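> In this note's numbering, the protein residues as written are 1349 to 1392. Heads up, the beta-carbon is just placed ideally off N, CA and C, and yes, glycines get one too. The model shown is predicted, which means the values in this text are computed figures rather than measured ones.
In structure tokens:
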């Protein structure tokens, strides 16, 4: 019983970490897009 509670807690934490990682990736992509708009690639 106790071990099951701990296992469930760990599983929930893993899910939260995965979701936060997805958010982080989305923010990084957003930042990349903004940087490209602010500083367009110079031709040459």
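Suppose you measure from the CA of residue 1387 to the CA of residue 1378; what does that come to, to the nearest Å?
On the chain shown, residue 1387 is found 39 positions in, with the first residue counted as 1. On the chain shown, residue 1378 is found 30 positions in, with the first residue counted as 1. Computed Cα separation, rounded: 14 angstroms.
> When DSSP labels each residue in this structure, what does residue 1349 get in the three-state scheme?
What you label residue 1349 is simply residue 1 of the chain shown in a count that begins at 1. In this structure, residue 1349 counts as coil in the three-state DSSP scheme.
> Report the three-state DSSP secondary structure of residue 1389 (helix, strand or coil).
The residue given as residue 1389 occupies position 41 in the chain shown. Here residue 1389 sits in coil by DSSP.
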